[in-house]
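Residue numbers (UniProt numbering): 1 to 96.
Cβ atoms here follow ideal geometry from the backbone N, Cα and C, with glycine treated the same way.
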Amino acid sequence: MAGAKPEAVTVIFGSVDGYTTSLPFQTIREKSLILAYGANGLDLPPAMGYPFIVVAEEKLGYKWARWVNSITLSDDADYRGYWEQAGYSNEAELPR
Numbered sequence: 001m002a003g004a005k006p007e008a009v010t011v012i013f014g015s016v017d018g019y020t021t022s023l024p025f026q027t028i029r030e031k032s033l034i035l036a037y038g039a040n041g042l043d044l045p046p047a048m049g050y051p052f053i054v055v056a057e058e059k060l061g062y063k064w065a066r067w068v069n070s071i072t073l074s075d076d077a078d079y080r081g082y083w084e085q086a087g088y089s090n091e092a093e094l095p096r
């Protein structure tokens, strides 16, 4: 990612309602994460997550942040977002 400092290991997504979640920077680079602003040729409606939704394939739903209005690169590998602070796995892997 352009301008990313080498010590950045975590990407934190913040939403307009204060919700946060994160993904490892390496995961985003390897999986080509999608930051969607529309679907089927239409802008993303507010009810679906406007202005942006994180499409985190292979992750549980709480990693699919909606209403994203900030993205922060962090050196905090242990960052915990809203659900992760409540005890949910920071990995959020789908069962196989």
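Alpha carbon to alpha carbon, what distance is there between residue j and residue i?
i   : j   : result
V11 : G61 : 17 Å
D17 : R96 : 32 Å
I53 : P6  : 26 Å
A86 : A36 : 27 Å
Y19 : Q26 : 22 Å
E84 : L23 : 11 Å
A47 : K63 : 17 Å
Counting only the same chain and skipping the five closest in sequence on each side, list residues whose C-beta sits under 6 Å from that of residue i.
i   : result
N69 : V16
Can you give me the Cβ contacts of residue i inside the same chain, cut-off strictly under 7 Å, excluding the 5 residues immediately before and after it?
i   : result
R29 : none
R80 : N90
Bridge partners for residue i per DSSP, in chain order?
i   : result
E93 : K59
Use the C-beta contact count for residue i: other C-beta atoms within 10 angstroms, 16 or more gives buried, fewer gives exposed.
i   : result
S32 : exposed
G38 : exposed
G49 : buried
A65 : buried
Of all the beta strand (DSSP E) runs that stay within the bounds of the UniProt domain "Oxidoreductase molybdopterin-binding" (2-83), which reach a length of 3 or more residues? 10-15, 20-24, 34-36, 53-55 and 68-74
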